[in-house]
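The structure appears right after this line, and notes come after that.
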Amino acid sequence: MASTAPQPTPLSTGERASTSERRQFWLMLLFAIVMIGIGIGLRDPWPSDEPRFTLAAKQMVESGDWLFLHRGAEFYADKPPMLMWLEAASFELVRNWRIAFLLPSLLSALGTLLLVYDLGRRLWNRKTGMYAAMLLLMCIQFVFQSKRAQIDPLVVFFITAANWGLLRHLLCGPNWKLFWFGCFCAGLGVITKGVGFLALFMLLPYMWAALRGWSGIATMGAGTWWRWPLGLVATLIAIALWLVPMLLAAHAHADNPIYAAYVNNILFHQTAGRYAHAWHHIQSPIYYLPIMVYAWLPLSLTYPGSFPRWWRALKAKDARIFLPLGWMLLVLVFFSASAGKRDVYILPIVPMLALITAPYLDDMLNARWLRALCALFVAAMGVALLALGIYALMTHPAFATKLAYDRGFDGPQDSLWWMCIAIGAAQWILLALFRLRRAHWAVAGGMLALWVVWGLWAYPLLNDSSSSAGLMANVRAHLGDRDEIGLVDWKEQNMLMLHRPAVDFGFSAPTSQQFTQATQWQAAAPATRWLFVQEPAMGHCVDRSKAIDVGHANRRSWWLFKADAVIPGCVPAANADDDETGE
């Protein structure tokens, strides 16, 4: 039997939520806070992206320069500063980097959930809003990214906020203030990761629907055409909050070519140049299709029921479905057209996917097929994790030993496998408790168990090796109070976790050049100056018998030595940089 989305409740009349609805909302919010926030304070930044962003924020706080990001002595021009601003501001508030570096992601994720909830309740009803928020929480990639200090949760929030303002105007309006607010948020998304303008693509399906008289489209009235261009003004004002001061400051240093290179890199090379002529992460045009299935589990389990219902809504000219769905397809095409692709690029689609799935969820959960898929998902995850944990405990496979060595993990390996067993067992316990009739509750509980165990068990267990905290503690143990240390071919986590001043000789400079400059610096005070170097950068120019092997971490071997270990006149061969590329 054909099903249609529920009709909207007239919330604009001031209808108040019932006690039960308020209780459900606060329980949902508590569920989200626990799922996303659990573990904050139990770990330091982990590669690849987190240490570089946190290091830039830390140097921002220490130097007072909030316009030009730094990575050691060099400018860092790969990304706009919004995330680093928020991390630095969070640190100024809480004075603890372990908490501060994850706060922007946590708050962004919660903000995204609230925006999706509000759209669902205004376009349909409060129950739909609850479903939309919970569906978003049931996306593995969304929660995984929300628990990391990367730019993506923040740009998802700004794009969703822009969509919220636009949809409130285009479907529930007219409300020109919210339209301008949405455009302003799109501009904030631009100074976060450059792609915030994608939110404005929502105007394209709106124009199509308005011209063809689709139901649910707000009537703007004659004589309001001049209000539309003000949206572009709002977008540009948001961008100007960073761009104008940065350009003025760069112009004030016009005699220094480093500033001109920074401006060119961040405004052109890392944006249009990166999109049109990608130099890494090269993938096929259909790269994102499997991502939208396995990375968006268990939300993607709803596809078999959502697709035909969306089609019926489109035939009925329901603009509430058409505008978000059309926008999603435009964003997918935009990212698919570039040769460079990463799974996180299409993450901003997920909130709108949850929104247009939510109206039909009640109907789908009454069907046996979705409950069966939910049960199968929970069972499969439980079997996979249980099997992996038991197999590793019983056989101690070579891959586990190699993984521990590559990552510099020297803790109890058995604990990792017991963690897998605990998560897997939780899935089966929940499935036995809720059975097929309420298998969707088993999915929600299983996701909660996964992220709680990950936050409380994996964070402290893996932190020393993943963050290089253990490695850099070993380095500090060899240094006296008056000793100095120089870094060669270093990674951001090394400088960040050293917890004492360090000298670097560039980050992206050729390693042979770094080594030559470092040994010259060391020779000026050989009694108190150490060099911390990645093994390939030393070549044959260091006598290993006089150097200290301080450990293996993040797939790299590291050494510490004084001037007596350096072979005079030796220059190591150029070393290809194997930087952990991220976004």
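Heads up, the sequence shown is in this note's numbering, so the first residue is 3 and it goes up one at a time. Backbone N, C-alpha and C fix where the C-beta goes; we use that ideal spot for every residue, glycine too.
Per DSSP, Gln152 is not a residue of any beta strand (DSSP E), being assigned neither H nor E.
Counting along the chain, Ile358 sits inside the alpha helix (DSSP H) bounded by residues Ile351 to Thr359. His253 carries a helical assignment under DSSP once its states are collapsed to helix, strand and coil.
Between the region 346-355 and the region 153-173, the count of C-beta pairs closer than 8 Å reaches three or more; the two stretches touch. By the criterion of a C-beta distance shorter than 6 Å, Met294 is surrounded by no residue of its chain, once the five residues flanking it on both sides are discounted. In this structure Phe337 is not in contact with Tyr296, their Cβ atoms being roughly 17 Å apart against a cut-off of 8 Å. In this structure, Pro399 is the residue among Thr530, Pro399, Ile569 and Gly233 with its C-alpha nearest to the C-alpha of Gln415. Excluding five sequence positions before and after Ala427, the CB atoms of its chain that fall closer than 8 Å to its own CB belong to Gly384 and Leu388, given in chain order. Of Ile284, Asn258 and Asp345, the smallest CA-CA separation from Pro292 is found for Asp345. Unbroken alpha helix (DSSP H) stretches of 4 residues or longer found wholly inside the region 66-140: 84-96, 99-102, 105-125 and 128-139, given in chain order.
Cα atoms of Ile392 and Arg54: separation of roughly 36 Å, rounded to the nearest angstrom.
Every unbroken stretch of the alpha helix (DSSP H) spanning 4 or more residues and falling wholly within the region 370-457 is given here in chain order: 370-397, 400-408, 415-436 and 441-455.
Between the C-alpha atoms of Tyr461 and Ala369 there is a straight-line separation of about 39 Å. A contact is defined here as three or more CB-CB pairs under 8 Å, and the region 522-529 meets this definition with respect to the region 563-574. Taken through DSSP and simplified to helix, strand or coil, Asp551 comes out as strand. Assignment of beta-bridge partners to Gly233 by DSSP yields no partner. By the Cβ neighbour-count rule, Ala19 is exposed, with fewer than 16 other Cβ atoms within 10 Å of its own. Taking the Cα of Ala539 as reference, the smallest distance to any Cα among Gly457, Trp492, Ala252 and Leu500 is reached at Trp492.
Runs of the alpha helix (DSSP H) spanning 4 or more residues and lying entirely within the region 497-554 occur at 513-525 and 537-540, in chain order. Sequence-distant partners of Phe103 (beyond 5 residues in either direction) whose C-beta falls short of 6 Å from its own C-beta, in its chain, are Pro47, Thr56, Glu89 and Ala151.
Linking Arg558 to Leu121 through their CA atoms gives a straight-line distance of about 47 Å.
Apart from sequence neighbours up to five positions away, no residue of its chain approaches Thr403 with a beta-carbon distance below 7 Å. Under the DSSP assignment, Val490 falls in the beta strand (DSSP E) whose first and last residues are Glu486 to Val490. A direct Cα-to-Cα measurement between Pro361 and Lys129 gives close to 9 Å.
Looking only at Pro287, Ala434, Gln147 and Gly233, the smallest Cα-Cα distance to Trp298 is reached by Gln147.
Listed in chain order, the non-local C-beta contacts of Pro247 below 8 Å within the same chain comprise Leu69, local neighbours out to five positions each way being set aside.
In this structure, Leu363 sits away from Tyr119, with a CB-CB distance that is not shorter than 9 Å. The distance from the Cβ of Ala164 to that of Ala135 is about 18 Å, inconsistent with a contact at the 8 Å cut-off. Pro306 sits away from Ile142, with the two beta carbons spaced by 9 Å or more. Annotation for Phe563: the continuous beta strand (DSSP E) segment containing it runs Arg558 to Phe563.
Put simply, the backbone Cα of Ala549 is about 41 Å away from that of Asp154. The DSSP assignment places complete alpha helix (DSSP H) segments of no fewer than 4 residues inside the region 299-338 at 305-317 and 321-338, in order along the chain. Per DSSP, the continuous alpha helix (DSSP H) segment holding Ala34 begins and ends at Thr21 to Gly39.
Shown here for Gly39: same chain residues with a beta carbon closer than 6 Å to its own, the five before and five after excluded, namely Leu108 in chain order.
The DSSP-derived three-state label of Gly342 is strand. Within the DSSP secondary-structure output, Val568 pairs in a beta bridge with Val544.
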